[in-house]
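3 is the number of the first residue of the sequence shown in the numbering used here; add one for each residue after it.
The C-beta atom is built at its ideal place from N, Cα and C for all residues, glycine as well.
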Amino acid sequence: MIVCFSFKAKAGTEKEFEGLLNNPEAGLANARAMGATRNTLFLGGGRMVRVLEFPEGAEPADMAELAAKDPKLRAFLEKIAPLIEDGFDADDPASLEAFNRRSSLALAYDVRP
3 MIVCFSFKAK
13 AGTEKEFEGL
23 LNNPEAGLAN
33 ARAMGATRNT
43 LFLGGGRMVR
53 VLEFPEGAEP
63 ADMAELAAKD
73 PKLRAFLEKI
83 APLIEDGFDA
93 DDPASLEAFN
103 RRSSLALAYD
113 VRP
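This is the structure in structure tokens:
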């Protein structure tokens, strides 16, 4: 299963936003914690697009639950939340869940020649 989401930085925070997100080691740790087999990040112009791949039949782990268990992820969410346009409250799991729904993109197709 492939999951994709995208969101933008608030105006004036693009450099800090991209700096926080452009961390392959953290991306790998996050992918493992979520149960993903791949984590691909596209960054530019204050926008990020992340594509995660999960084994067939697997469901992504809940980000709020992961953050409650992982202090590094929690700290990251607290840093990035105020930088995101129409973002979330890092102290409110329902806000994070709603943000994840808003930022998710529907898969139109996945072709393999």
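Between residue i and residue j, which are expected to be in contact by the criterion C-beta below 8 Å, what is the C-beta distance as a whole number of angstroms?
| i | j | result |
| --- | --- | --- |
| residue 75 | residue 68 | 6 Å |
Tell me the rounded alpha-carbon separation between residue i and residue j.
| i | j | result |
| --- | --- | --- |
| residue 99 | residue 105 | 10 Å |
| residue 113 | residue 55 | 15 Å |
| residue 97 | residue 59 | 26 Å |
| residue 95 | residue 66 | 5 Å |
Tell me whether residue i sits in a helix, a strand or coil according to DSSP, three-state version.
| i | result |
| --- | --- |
| residue 11 | strand |
| residue 49 | strand |
| residue 44 | strand |
| residue 80 | helix |
| residue 30 | helix |
For the alpha helix (DSSP H) that residue i lies in, which residues bound it at each end?
| i | result |
| --- | --- |
| residue 16 | 16-23 |
| residue 68 | 65-71 |
| residue 95 | 95-105 |
Could you work out which residue in the options is closest to residue i when comparing CA atoms only?
| i | options | result |
| --- | --- | --- |
| residue 34 | 63, 10, 59 | 63 |
| residue 30 | 23, 70, 41 | 41 |
| residue 52 | 87, 92, 4 | 4 |
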